[in-house]
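This report refers to the structure that appears directly beneath it.
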Amino acid sequence: MTIAAHTLGCKLNYAETSDILRRLAAEGHTVVDWGRPADLYLINTCTVTAVAEKKCRTAIHQAHRLNPEARIVVMGCFAQVAAKEIEAIPGVTLVLGNDRKHLLPQILKSSPACGGDLGNPGNQAPLPTQNSAQQKNGFIDSAQRRFPKIGEQPAASPTNDFQDLQDLAQREPTAFPLQYSSGDRTRTFFKIQDGCDYFCTYCAIPFARGRSRSATIEETLCAARRIADSGAREVVLTGVNTGTFGQHQGESFLDLLRGLDAIPGIQRYRISSIEPNLLTDDILRFVASSRAFLPHFHIPLQAGSDHVLALMHRRYDTALYRSKLLSIKALMPDACIAADIMAGFNGENEEEFRKTLDFVDSLPISYLHVFTYSDRPGTAALRLAEKVPVAVRHEHTARLLELSERKHNAFIQSQLGTTRPVLWESSIKSEVGGRKSEVKNNLPPQTSNLRPPTSYLMEGWTDNYIRVSAPYDPALVGTVTQVLLGPDNIVRD
Ligand code: SF4
1 MTIAAHTLGC
11 KLNYAETSDI
21 LRRLAAEGHT
31 VVDWGRPADL
41 YLINTCTVTA
51 VAEKKCRTAI
61 HQAHRLNPEA
71 RIVVMGCFAQ
81 VAAKEIEAIP
91 GVTLVLGNDR
101 KHLLPQILKS
111 SPACGGDLGN
121 PGNQAPLPTQ
131 NSAQQKNGFI
141 DSAQRRFPKI
151 GEQPAASPTN
161 DFQDLQDLAQ
171 REPTAFPLQY
181 SSGDRTRTFF
191 KIQDGCDYFC
201 TYCAIPFARG
211 RSRSATIEET
221 LCAARRIADS
231 GAREVVLTGV
241 NTGTFGQHQG
251 ESFLDLLRGL
261 DAIPGIQRYR
271 ISSIEPNLLT
281 DDILRFVASS
291 RAFLPHFHIP
301 LQAGSDHVLA
311 LMHRRYDTAL
321 YRSKLLSIKA
331 LMPDACIAAD
341 IMAGFNGENE
351 EEFRKTLDFV
361 DSLPISYLHV
371 FTYSDRPGTA
381 ALRLAEKVPV
391 AVRHEHTARL
401 LELSERKHNA
411 FIQSQLGTTR
421 PVLWESSIKS
431 EVGGRKSEVK
441 NNLPPQTSNL
451 RPPTSYLMEG
461 WTDNYIRVSA
471 PYDPALVGTV
481 TQVLLGPDNI
491 VRD
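With the working numbering, letter number 167 in the sequence shown gets 167, and the count goes up by one each step, no holes.
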């Protein structure tokens, strides 16, 4: 069977899709690029904003157009919270919530229709499910949007009403599958935690991914050793609320970091995102002195106004956020610090927005991830007053993006002339008219007898997350070299 996948949203989704595809490929299926005809399309969805949901619908329609006979499996966060809507989209044959999507390879394998036949468009026999009473078009009609207790039967039928979402979010955590990506051979996204207990007022993640959970430190280290054996050099630790790792089993995120640092073979770790209130001084001191953790932080801010932060039910104020960033820079002066910001949340009038701009401007933030607020079903923000008109939300977004560009330029400028360690990646780029693009179908450089022309380029990342390029050299792939940063080798999109 040929399978094409499309991933929307965060690194967590990327790690999950990649893990599922790797397991399907190991069972003999052929993974093809998105956009090519395939027998089965996987779409791993996101619900963080209305725009993300629109992209999910677009991807479903695209898959149906590419091959109207294909099976389309929609999974992930949007599938979790909007199962009924997605089931009604033409072409969709299976909707899998977050608690079941990792089971897809088993579901396909255990189907009497599978045995290699699932790709046969003429064979529409249903797959067995825990809820096989619900079948549609001869396939599955079962989005298990609940997070049932282990051993409990899933809900008979998904609904999308508010009470059901509340119920969903309060359920016991389900089992935690450790998953990791395998795209570029040098870097992997390793899912160490899922779910969130915080219930920020704008966020649907607790509904889509359930309560915070993780494997034990021992289990996580065991998976990390497997990653090291696979040849990955850099591991990005991903999660929804990463810093809550281990809290439900009396273990700490810091102890996990200590264990990971001791694993031979992995040269670098990045923490993809951590809440400021969970970024303790002990963690900062550890990262600064560790063997492999890099001076690169992603710390959600969301607003630089204490009034708006309180409306969001964030667990910190601007004073705490500032103190964390100053501590980072005192310990690691060249650290890269990224921040998430939300534009146009309730209460963000011009005065409060100006506070956010001034706050960001005053801090050693290297760049921003800017999100435009949109109402999410089931969230407490729906009941808040002081709505910001949509046009103003977009105007705030544009001003924040402008500020981000300025901050990033300043950070890059501060690094010119410094020498940083760069891990070189395997993909080959070509440059036409100043625009770089990936060279498709390149053979793995170590096994290829054909050395690409020297006009081909390779790219890598510094420890503090600056992208650089160099003439392609297969001997460099997966190695770390010291690079003098200058305007000619820094890559900007
Ligand atoms: S910390 Fe807040 S914003 Fe982040 S996932 Fe949890 S509820 Fe959502």
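Think of the CB as a built atom: it goes at the ideal place given N, C-alpha and C, for glycine as much as any other residue.
Quick caveat, the model's predicted, so the values are computed rather than measured.
Identify whether residue i lies in helix, strand or coil by the three-state DSSP scheme.
i, result
"G151", "Confidence at G151 is low in this model, with a pLDDT of 33, below 50, so the placement of that residue should be treated as unreliable; the coordinate-derived value is given next. Correct three-state label for G151: coil."
"K387", "coil"
"N13", "helix"
"P421", "strand"
"V95", "strand"
"I227", "helix"
"I266", "coil"
"F176", "coil"
"R376", "coil"
"L484", "strand"
"F293", "strand"
"D19", "helix"
"I89", "coil"
"R213", "strand"
"S427", "strand"
"A113", "Model confidence at A113 stands at a pLDDT of 43, short of 50, so the residue's coordinates are unreliable; what they give is reported in the following sentence. Coil, per DSSP."
"L476", "helix"
"N442", "Model confidence at N442 stands at a pLDDT of 45, short of 50, so the residue's coordinates are unreliable; what they give is reported in the following sentence. The answer is coil: DSSP assigns N442 none of H, G, I, E or B."
Taking the alpha-carbon positions, what's the residue i to residue j distance?
i, j, result
"H6", "R57", "12 Å"
"V287", "P389", "42 Å"
"Y316", "P276", "7 Å"
"V392", "N349", "9 Å"
"A38", "E69", "9 Å"
"H313", "P474", "49 Å"
"N89", "R376", "Here residue 89 is Ile; the residue named in the question, Asn, does not match the sequence. One C-alpha to the other measures close to 20 Å."
"A470", "V483", "10 Å"
"N489", "V468", "5 Å"
"G231", "F190", "14 Å"
"A410", "D99", "42 Å"
"I43", "H369", "23 Å"
"I3", "Y367", "36 Å"
"H102", "E16", "7 Å"
"L423", "V235", "12 Å"
"A82", "G76", "10 Å"
"A310", "F371", "18 Å"
"I283", "M332", "13 Å"
"P105", "T418", "47 Å"
"R209", "L279", "22 Å"
"T45", "E53", "7 Å"
"P300", "E352", "18 Å"
"P295", "V308", "29 Å"
"I22", "A303", "In the sequence on display, residue 22 carries Arg and not Ile. Looking at the two C-alpha atoms, the distance is approximately 39 Å."
"I20", "Q179", "8 Å"
By the DSSP assignment, the alpha helix (DSSP H) with residue i in it spans what residues?
i, result
"P206", "I205 to R209"
"L325", "T318 to L331"
"L66", "A50 to L66"
"H307", "D306 to M312"
"D261", "F253 to D261"
"S362", "E350 to S362"
On the DSSP bridge assignment, give the partners of residue i in chain order.
i, result
"L237", "F190 and I271"
"A5", "L42"
"P469", "Here residue 469 turns out to be Ser, not Pro, going by the sequence shown. Paired residue(s): E459."
"G76", "T45"
"R71", "L40"
"Y367", "A338"
"Q302", "I341"
"I283", "I283 pairs with nothing; no bridge assigned."
Since residue i and residue j are thought to touch, with beta carbons under 8 Å apart, how far apart are those beta carbons, to the nearest angstrom?
i, j, result
"V477", "S426", "5 Å"
"R399", "L363", "So it is not a contact: roughly 17 Å between Cβ atoms."
"L260", "F245", "The pair is not a contact, with the Cβ atoms about 11 Å apart (cut-off 8 Å)."
"V92", "I60", "6 Å"
"Y202", "F78", "That pair is no contact at about 16 Å."
"S272", "T318", "No, S272 and T318 are not in contact; Cβ-Cβ is about 23 Å, not under 8 Å."
"H298", "A338", "5 Å"
"I266", "I217", "About 16 Å separates the two Cβ atoms, so there is no contact after all."
"I263", "A224", "5 Å"
Specify, as a first and last residue, the run of the beta strand (DSSP E) that residue i falls within.
i, result
"D340", "C336 to A343"
"V495", "Residue numbering for the chain in the displayed model covers 1 to 493; residue 495 lies beyond these limits and cannot be assessed."
"F533", "No statement about residue 533 is possible, as the shown extent of the chain runs from 1 to 493 and does not include it."
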